[in-house]
Every structure is written in C-alpha cells, then in structure tokens.
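Participant: Taken in sequence, the protein lines are chains G and V.
Mapped onto UniProt numbering, the consecutive letters of the first sequence carry residue numbers 1 to 405.
Mapped onto UniProt numbering, the consecutive letters of the second sequence carry residue numbers 1 to 405.
Just passing along the structure, written as structure tokens.
Protein chains: 2
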Amino acid sequence: MNDSRPIRAKSGTNHEGTSAHNRRVMIDALRINGALSRADLARATRLTKQTVSNIIEELERDGLVSSQEAVRGGRGQPSTPYRLVPEGAFAIGLQIDRHVTRAVAVDLVGSVLVRDEAGLPPGGPSNGTKVILDLVAGIRSKLAGIVQQSEKRLVGLGAAMPGPFGVAGSGDDPWMMEAWQKFPLLETLTAGTGLDVGLQNDAAAAATAERMVGAAHGIDHAVCLFVGYGIGAGLILNGELYRGTNGNAGEIGMALLFADGKSTPLEHRASLASLYQHLSIDPADPGLYARINDLALRGDQSIHAWVEAAAVDLRWSIHLLETLFDPQTVILCGSAPEALVNRLIAAIGPLLPSIAERRGRTLPRLQPGMADPWSVALGAAAGPISRAFDPRFAAILKDSFNSEA
Amino acid sequence: MNDSRPIRAKSGTNHEGTSAHNRRVMIDALRINGALSRADLARATRLTKQTVSNIIEELERDGLVSSQEAVRGGRGQPSTPYRLVPEGAFAIGLQIDRHVTRAVAVDLVGSVLVRDEAGLPPGGPSNGTKVILDLVAGIRSKLAGIVQQSEKRLVGLGAAMPGPFGVAGSGDDPWMMEAWQKFPLLETLTAGTGLDVGLQNDAAAAATAERMVGAAHGIDHAVCLFVGYGIGAGLILNGELYRGTNGNAGEIGMALLFADGKSTPLEHRASLASLYQHLSIDPADPGLYARINDLALRGDQSIHAWVEAAAVDLRWSIHLLETLFDPQTVILCGSAPEALVNRLIAAIGPLLPSIAERRGRTLPRLQPGMADPWSVALGAAAGPISRAFDPRFAAILKDSFNSEA
DNA sequence: AGTAATAAGTCAAGACACTTGACTTAATGA
DNA sequence: TCATTAAGTCAAGTGTCTTGACTTATTACT
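Have a look at this one:
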C-alpha cells in the first residue's frame with residue numbers, strides 16, 4: 001500500500017516514553033509541592049518505591065535534584081526529602097516589544113539570574129536583529145560568568161512578542177508589529193544562537209510565567225488577562241499552555257467591540273497603547289514606566305478617565321473569559337507599571353455575574369498576577385523549561401523524545 | 001514524612017499505559033484514515049511492524065478490527081488492510097432537554113442503531129427520572145434484539161443536557177433547567193442502569209458528535225457553535241473535548257451583551273427559545289420542528305426578522321470564538337430544524353474579519369455541521385466511545401486503566 | 001520465462017523499565 | 001528493651017517494545 005495520500009495518526013509510545021513521562025512527573029511534583037521524599041513521590045505518582053528510587057537516582061546524577069537533610073517525623077526510618085536543584089537547567093527568555101527588547105536568564109525553578117534590555121530601533125527586523133542577537137549573547141556570557149556549566153545546561157531560548165502571528169496583513173497598523181510578525185524569527189534566532197528556539201505571544205508568555213512561579217502555579221485551568229502595550233489572554237488549560245492552531249489563541253485584543261455604530265478592537269480601548277494615546281505620550285520614551293507608575297500612584301486625574309473606561313472593558317473581558325473557558329481563576333497581569341495594574345484591579349470590581357459564581361470556590365475569581373516589565377521575558381524563558389521538564393502528552397509520544405516540538 | 005498536607009502530582013505510567021495508548025492510537029488511525037495495513041500503521045504511528053502486528057492481532061481477537069481482502073498495489077507482498085468493526089463496541093446516548101428526552105444506541109463507528117424519544121413531563125427529576133430510565137432500558141433491549149453481545153460490548157452511557165452545571169442558582173429562570181442541573185443525575189443514572197455514566201452539556205455533546213462522524217472528524221482544533229433551545233459552543237482543543245473546570249467551558253449563551261444600556265445573555269437573543277418567544281409558540285408542542293422547518297423553507301416573513309437579528313449575534317460570536325480559540329474551523333450545528341440552520345448560515349455571511357483570515361487556509365472558516373434533533377443524543381453516546389477508545393493523555397496515566405474518569 | 005527488486009509480514013532473541021516481595025535500616029512509643 | 005512503623009534497597013520477575021534476520025508474495029525488468 002504505497003498510496004501517496006498521507007496517513008494521519010498519533011504517535012505510539014514505548015519504554016522511553018514511559019520513562020520520560022515519569023521523570024517529568026517527578027520534577028513536576030517537586031516543583032509543585034516543594035521537597036518530597038521518595039516514599040512521598042511513590043504515593044503521589046502511584047509508582048512503586050523502587051521505580052521512584054531509580055528515577056530519583058538518575059535525576060540526582062543528572063544534577064536536577066538533590067537530597068536534603070533527613071527529617072524525623074513519626075515512627076519509622078526518617079525520610080530523605082529531595083528538592084529541585086535550581087542550577088540543574090537554564091533557559092534564556094527574550095521579549096521583543098515595540099520599542100524595547102529584554103532578555104533574561106532563568107534557572108530550573110524560575111529565578112531570574114541575569115537580565116538586560118536594549119532599545120529597539122524603528123525599522124523592524126532589518127535594524128533590530130543584530131540588537132537582539134547581541135543582547136542574547138550578552139546574557140549568555142554573563143550567565144556563564146556566574147554559574148558553572150551554564151551552556152551545557154541551557155535547554156533553549158524562548159522568544160515572546162505581540163501576536164497575532166501569520167494573519168493576512170491589515171496594512172500598516174502602527175498598533176501591530178507586522179514587520180516582525182512576518183519575519184522568520186525562529187529561523188533567525190536558531191541560526192544566530194544555535195539554541196532550540198520557541199516562540200509565543202506576549203500574553204502566553206505572561207501566563208507561562210504565572211504558571212511557573214506566579215499565581216497559576218500548580219493550577220490546571222487558568223486564564224491570564226495580560227495588559228501590556230497590547231492586551232491578550234494567556235490560556236492554561238489542562239495544566240498546559242494552549243496555543244491554538246497558529247499560536248494565536250487568546251488574542252482577545254483583536255476582539256471587536258461594537259459601540260456607537262462602529263467597531264473597535266478591544267486593544268484600542270484597553271491597553272497601554274490606548275493610555276499613551278489618551279495621555280499623548282511618546283511610547284518610545286524610556287522613562288515611561290516610572291512616569292506612568294508615578295501618575296497612577298498619585299491618583300492623577302489624567303489617568304482616572306482611562307482607568308475607569310478600561311475597567312469597563314476589562315470587567316466584560318473577564319466575564320467573557322470565565323464564560324468561555326470555565327477556569328479556576330482569572331489572573332490579571334501585565335507588562336505594565338504595578339501601580340497602574342493595581343488601580344485597574346480596584347476599578348474592575350465588582351465583577352459581572354458569570355458561571356464562575358459558584359458555591360465552594362477555593363480561589364478568587366480574579367487575582368492579581370505579576371505586574372512587572374520583566375514578566376514577559378521571564379515567561380518566554382519558562383517556555384523551554386516547561387517543554388523540557390513538564391509532564392505533557394506530547395512528551396510521551398515517540399516522535400518527541402529528542403526534538404522540542 | 002506522614003504530613004497530612006495533600007501532595008498533588010500527576011500519575012506516572014508503566015507498560016500497561018504504553019500498551020493502552022498504542023491500542024488507542026491504532027483505533028484512532030483506523031477511524032480517521034479508514035482501513036490501513038499493518039505496515040501503514042507502523043509507519044504512521046512510528047511503531048515497529050512487529051509491535052503493530054501484535055496489537056492488531058489482539059484487537060482482532062477482541063473483535064474491534066477485522067481484515068479485509070488483500071490489495072495488490074505495486075511491488076511487494078500485497079497488504080492486508082484492517083478496518084474497525086462497527087459491532088466492536090456500543091454506547092447509549094441520552095439527551096435531556098426542556099420538554100423531551102431522546103436516547104440512541106450507537107456502535108463503534110458512530111452509526112445510530114436504535115433511537116427513541118419521550119416527552120418529559122414538567123416538574124423536573126421527580127417526574128422525569130422514571131421516563132428517562134424506561135427510555136434507556138427500552139433502547140438497551142432493542143439493541144440487544146438486533147446485535148449479538150450488545151450488553152457485553154456496551155462501554156457506557158453518555159448523558160447530555162443544557163448547562164451550565166453547578167452555578168449559584170439565579171432563581172427560577174425558565175430558560176434554564178435548574179432542577180435538573182442541581183439533581184445528582186450521574187449517580188441516579190449509574191444506579192439505575194449499572195453502566196458507566198458520563199455527563200456533558202448539549203453543545204459539548206454536539207461537538208463530540210461532529211468529532212466522531214461529522215465536520216470535525218480528524219480535526220484537532222475546532223469550535224462547534226451549537227444552536228438549540230439554548231446556545232453554546234463545544235470545544236475540540238488538541239484533539240479532545242475541552243470541558244473546563246466544571247464542565248461549563250464554551251457556555252457562550254451565558255455571555256452578556258450590552259446594548260441600549262442593558263445587558264442580555266446571548267441565549268436570550270439567538271436561540272430556539274428566543275425564536276419560540278418571537279413567534280409566540282409553545283415550546284412543548286411536539287410538532288414544533290416540522291413547523292419551524294416548514295416556515296424556514298418557505299422563507300416565511302415571521303422568521304425573517306429573527307434570523308437577521310440572530311445572524312448578527314452569531315456572526316459576532318464566531319468572530320469571538322475565532323479570536324479566543326484560534327481553531328482550524330468553526331462548525332455551526334444545532335439541535336434545530338435543518339432549514340433554519342441553513343437560513344442562519346446564509347444570513348451570517350460574510351464573516352467579520354478576524355485572526356482566522358490567513359493565507360493558506362485549507363478549511364473554510366465556517367462550515368455547516370449536523371442540524372438534526374438527534375445529534376446531541378448521538379454526541380452523548382460518542383462520549384463513552386471516545387473515553388474508551390481515543391488516545392488521550394489521561395488514558396496513559398496509571399490511575400485510569402480501569403476507571404472511566 | 002526467469003530473475004532481481006521491492007514490500008508485507010513473521011520469528012525469536014534481546015533490551016528496557018516497571019513490579020513484586022522479601023529484606024535492611026532507623027526511627028518512635030509502650 | 002522490644003514491638004511497631006515506615007523508608008528505602010535488593011534481586012528476580014514480567015510485560016511490551018525493538019532488532020535483525022527471514023519468509024512470502026507480487027511487480028518490473030531483462
């Protein structure tokens with residue numbers, strides 16, 4: 001049967017898949033629960049003590065976990081807890097935004113070890129690529145200066161930039177970053193760094209960050225509403241980031257709102273860009289964050305109108321996200337001045353009624369997440385860490401043992 | 001470490017999980033591609049010929065696949081294609097709607113073998129439970145009359161009813177089915193039938209049906225916009241139905257729309273219920289479908305205004321679903337008269353611009369799905385079939401080999 | 001025709017990773 | 001002091017996939 005019609009099927013799996021999954025499950029358990037003994041791990045993962053012992057031994061040899069002092073709790077032999085070794089792996093995260101690019105190096109537990117930023121000249125990739133590659137190279141060499149074997153333990157480079165990706169161009173919308181979105185960034189970064197490179201939109205990166213070290217830590221269903229230069233939602237569904245067909249899932253900023261007979265994307269109404277426009281501020285100004293933060297802290301009147309208007313849209317966005325995704329919680333985060341995000345959160349409440357209103361909730365419907373200009377770069381770096389170490393369906397399948405898909 | 005704090009971790013896996021996954025992958029491949037030879041399966045699943053041979057042999061013994069006549073295509077030994085055996089497994093599907101309950105028996109490939117319906121008396125579960133259990137019992141005995149061993153091969157009972165589930169009650173909204181939604185339906189059905197029982201909302205069931213035998217067949221990312229008595233979206237994400245935290249994901253009917261200074265749920269504007277209200281029709285009328293279908297076919301003026309208004313809301317809903325889920329396609333389906341759905345589709349076009357507008361699309365942005373009063377019951381039945389036979393992450397994990405979670 | 005090439009499928013041994021059950025170690029509590 | 005409890009190890013066992021050689025059956029070429 002050498003038909004030319006392609007046959008579509010999921011991959012099968014084998015021992016390697018089993019083993020890879022079980023390793024990931026151990027790491028995940030330690031990440032979520034903190035240090036655990038082998039016996040704890042065996043109970044939690046439903047594997048046998050022996051299997052856990054073997055895997056832990058291997059992980060320890062690989063420098064990913066290490067034992068702590070034995071704890072004497074009750075009867076029986078004291079248990080030896082194991083914890084993740086932060087220096088077990090590193091990843092570089094890269095944020096490409098309209099006027100600035102930021103890079104960080106993080107370790108296995110999501111601590112930022114090195115950070116640096118650079119202004120991004122106008123003109124898109126032709127002018128910006130070198131700036132970015134230099135920034136990444138700088139981060140890598142600084143990382144090598146503080147930790148041993150950083151290069152050997154570098155699992156990849158995660159990039160994040162505003163979406164959407166690959167859509168039929170709407171001309172030359174200054175809100176967008178079309179030149180970058182059309183540019184073969186993955187290939188360029190791969191060639192320029194020799195690393196495994198991943199790409200996600202900025203809201204997805206923010207969600208990835210919240211999942212590794214923030215409010216979504218250990219939560220299986222969460223939506224991160226991300227306010228930055230644009231606005232988007234990062235989706236954690238079934239414990240994994242959901243990307244959609246083309247990596248554009250969650251691009252709520254592109255949702256059209258109808259009012260006064262005309263339609264406007266949400267992004268034009270509630271986003272830092274809209275605030276800059278409202279305040280007639282040049283978004284390329286490097287002191288922008290401090291200035292906005294200051295205005296927000298002082299409760300400045302010039303910001304008030306925007307906050308109130310944006311809060312209406314955000315309140316509705318949260319209602320909609322709850323309705324469509326049925327998450328455990330919604331997290332409001334941003335690559336935005338913290339004081340501004342705090343004012344938004346205050347202005348948003350009380351929330352609209354939704355299916356999220358139910359008895360027995362343990363998590364609040366809306367929680368604040370990171371509001372930090374570095375959170376997107378952190379999330380970008382968390383991407384490769386997650387791909388390499390988190391338990392997921394794709395990692396069990398036979399075609400993915402070696403390749404980062 | 002006998003701490004009382006619960007430890008959260010994913011399950012590990014072992015050989016059984018591997019084997020279970022590979023069996024499912026074979027079945028899935030045959031479902032998507034039709035009959036395939038062992039060599040085809042080996043290539044598609046990346047398993048070895050030997051492994052495939054062993055698994056196919058086992059599936060054949062279990063009566064799930066059977067060989068067809070050898071095909072001579074090119075050089076080499078002729079291949080023997082294997083196909084799914086429809087009689088390999090059965091499931092019962094049950095739809096509970098406002099005024100009617102329907103049940104079907106389907107086989108492994110999703111063919112409906114038996115169907116029956118009954119009026120559902122007012123008063124909720126106290127009056128309706130017996131009707132439903134009798135209906136299911138009737139379907140089972142009829143199924144047993146047509147096929148051998150139907151009881152032995154019955155993998156479960158899937159129930160579908162309008163959501164949302166478990167939300168803090170909004171009083172006694174006649175649009176809802178609160179009494180049923182609060183009722184311990186799963187437990188009652190389990191006790192009353194002795195089967196494994198699953199429950200999903202009607203839009204999810206419709207999506208499950210589209211996935212098994214309809215427009216979403218073999219598609220990994222699809223959103224089914226479902227128009228029935230209410231309106232909802234069934235989400236196929238990463239090849240699986242997405243349920244959300246409480247089985248309420250996709251409940252777009254609960255989304256509030258703001259117009260003229262007041263908010264209205266989408267469901268009150270675009271749904272059969274709203275049409276019934278518009279036409280002042282009693283929704284309990286058994287001849288309803290035929291009547292509406294007739295009106296729609298005749299292009300009746302009384303329906304026109306509703307269709308045009310609903311199309312505006314649906315057009316926007318599709319835009320929103322595309323924006324948030326980034327699916328390969330949106331499928332408009334319904335437990336509604338076919339002529340009505342056709343008129344809606346005609347009235348919806350052209351679609352609003354969205355991120356789904358991209359070069360190189362292979363699937364249309366919007367496709368018609370099933371518009372059939374039985375599609376929800378069919379989808380309900382497809383649930384247990386899918387749980388038992390489709391490849392999915394949960395099926396690999398150690399705690400799920402025997403239990404239908 | 002006869003033969004080489006090609007591809008499907010089988011056989012039997014091997015490898016790998018988890019499981020089993022007995023055992024060792026090291027605490028607590030009566 | 002010693003029974004009890006629990007962590008963790010040891011060594012053999014088991015299930016499932018892999019490997020590589022082999023058989024079978026057909027087409028294509030000379």
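Think of the CB as a built atom: it goes at the ideal place given N, C-alpha and C, for glycine as much as any other residue.
Predicted, not measured: the structure shown is a model, and the values here were computed from it.
For V/T13, name the three-state secondary structure that DSSP assigns.
Facilitator: Coil, per DSSP.
Participant: List the residues of chain V whose Cβ lies closer than 9 Å to the Cβ of G/R18, in chain order.
Facilitator: The sequence shown places Thr at residue 18 of chain G, rather than the Arg named in the question. Going along chain V in sequence order, the residues near G/T18 (Cβ under 9 Å) are G12, T13, N14, H15, G17, T18 and I396.
Participant: Note down the Cα distance separating V/V85 from V/I92, rounded to an integer number of angstroms.
Facilitator: In a straight line, the C-alpha of V/V85 is about 17 Å away from that of V/I92.
Participant: Give a yes or no on whether the C-beta atoms belonging to V/G156 and V/G383 are separated by under 9 Å.
Facilitator: Cβ distance < 9 Å, so V/G156 and V/G383 count as in contact.
Participant: Going along chain V, which residues have a C-beta under 7 Å from G/Q328?
Facilitator: Per Cβ cutoff of 7 Å: T245.
Participant: Output the distance between the C-alpha atoms of V/I355 and V/A259, rounded to the nearest integer angstrom.
Facilitator: Going from the Cα of V/I355 to the Cα of V/A259 covers about 25 Å.
Participant: Can a CB atom of chain V be found closer than 9 Å to the CB of G/Y242?
Facilitator: Judged by the 9 Å Cβ criterion, G/Y242 is in contact with chain V.
Participant: Answer yes or no: does any C-beta atom of chain V fall closer than 9 Å to that of G/E167?
Facilitator: Note that residue 167 of chain G is Val in the sequence shown, not Glu. Yes, its Cβ sits closer than 9 Å to a Cβ of chain V.
Participant: According to DSSP, is G/R61 helix, strand or coil?
Facilitator: Three-state DSSP puts G/R61 in a helix.
Participant: Taking Cβ positions, are G/I345 and G/E210 nearer each other than 9 Å?
Facilitator: The answer is no: Cβ separation not under 9 Å.
Participant: Give the straight-line distance between the Cα atoms of V/V71 and V/L36, rounded to the nearest whole angstrom.
Facilitator: Straight-line Cα distance between these residues: approximately 11 Å.
Participant: Per DSSP, what kind of secondary structure is V/Y229 in: helix, strand or coil?
Facilitator: Of the three classes helix, strand and coil, the one that applies to V/Y229 here is coil, per DSSP.
Participant: Report yes or no: is there a C-beta of chain V within less than 9 Å of the C-beta of G/H99?
Facilitator: Chain V, which has no Cβ nearer than 9 Å to the Cβ of G/H99, makes this no.
Participant: Look at residue 411 of chain G and G/F325 and say whether their C-beta atoms are less than 9 Å apart.
Facilitator: An answer regarding residue 411 of chain G cannot be provided, because it is not within the stretch 1 to 405 covered by chain G.
Participant: Please compile the residues from chain G whose C-beta is within a distance smaller than 7 Å of the C-beta of V/G250.
Facilitator: Neighbours of V/G250 on chain G, chain order: L324.
Participant: Measuring only between beta-carbons, confirm whether G/F393 sits less than 9 Å from chain V.
Facilitator: Interface residue, yes.
Participant: Using only alpha-carbon positions, find the residue among G/D97, G/Q149 and G/L297 that is nearest to G/A118.
Facilitator: Of the listed residues, the one whose Cα sits closest to G/A118 is G/D97.
Participant: Going by C-alpha distance, which of G/T264, G/V341, G/A42 and G/R387 is nearest G/Y82?
Facilitator: Here the closest residue by C-alpha is G/A42.
Participant: Could you tell me whether the Cβ of V/L189 comes closer than 9 Å to any Cβ of chain G?
Facilitator: It does not: the Cβ of V/L189 has no partner Cβ on chain G nearer than 9 Å.
Participant: Could you spell out the range, first to last residue, of the alpha helix (DSSP H) harbouring G/M161?
Facilitator: Run containing G/M161: none in the alpha helix (DSSP H); it sits in the beta strand (DSSP E), L154 to M161.
Participant: With contact counted as at least three CB pairs below 8 Å, one residue from each stretch, are the segment 294-313 of chain V and the segment 181-199 of chain V in contact?
Facilitator: No, because fewer than three Cβ pairs between the segment 294-313 of chain V and the segment 181-199 of chain V fall closer than 8 Å, the two stretches do not touch.
Participant: Which chain V residues sit within Cβ distance under 9 Å of G/P286?
Facilitator: Ordered by position in chain V, no residue passes the 9 Å Cβ test against G/P286, which lies about 31 Å from the chain.
Participant: Using a cut-off of 8 Å between C-beta atoms, extract the partners of V/M254 located in chain G.
Facilitator: Those within 8 Å of V/M254 in chain G are T323, S354 and I355.
Participant: Return the CA-CA distance between G/A305 and V/P350, expressed in angstroms with no decimal places.
Facilitator: Their Cα atoms are separated by approximately 36 Å.
Participant: Mind checking which residues open and close the beta strand (DSSP E) that includes G/K262?
Facilitator: Where G/K262 is concerned, the enclosing beta strand (DSSP E) stretches over K262 to P265.
Participant: Within 10 angstroms of the Cβ of V/N2, are there 16 or more other Cβ atoms? Answer buried if so, exposed if not.
Facilitator: Confidence at V/N2 is low in this model, with a pLDDT of 38, below 50, so its placement is unreliable and no value can be given for it.
Participant: Report the rounded CA-to-CA distance for G/N201 versus G/G163, giving the unit in angstroms.
Facilitator: Their backbone Cα atoms lie some 5 Å apart in a straight line.
Participant: Tell me, to the nearest whole angstrom, how far the beta carbon of V/V114 is from that of V/K142; I am working on the premise that it is less than 8 Å.
Facilitator: Sure, about 5 Å apart at Cβ, within 8 Å.
Participant: Would you say the segment 218-227 of chain V touches the segment 327-342 of chain V, given that touching needs at least three Cβ pairs under 8 Å?
Facilitator: Taking 8 Å as the limit for Cβ pairs, the verdict is that the segment 327-342 of chain V does touch the segment 218-227 of chain V.
Participant: Looking at chain V, is there any beta carbon in it that lies within less than 9 Å of the beta carbon of G/F258?
Facilitator: By this cut-off, G/F258 is an interface position.
Participant: At a Cβ threshold of 9 Å, is G/S53 touching chain V?
Facilitator: Not one chain V Cβ lies under 9 Å of G/S53.
Participant: Taking its Cβ as the centre, do 16 or more other Cβ atoms sit within 10 Å of G/I27, making it buried, or is it exposed?
Facilitator: Buried is the call here.
Participant: Which class does G/S126 belong to by DSSP, given the choice of helix, strand or coil?
Facilitator: Reduced to three states, the DSSP call for G/S126 is helix.
Participant: Is it buried or exposed, G/N14, if we count other Cβ atoms within 10 angstroms and call 16 or more buried?
Facilitator: When all chains shown are included, G/N14 counts as buried.
Participant: One question on the structure: do G/P373 and G/R102 come within less than 9 Å of each other, judged by their Cβ atoms?
Facilitator: The answer is yes: Cβ separation under 9 Å.
Participant: List the endpoints of the continuous alpha helix (DSSP H) containing V/N342.
Facilitator: V/N342 -> alpha helix (DSSP H) spans E338 to I348.
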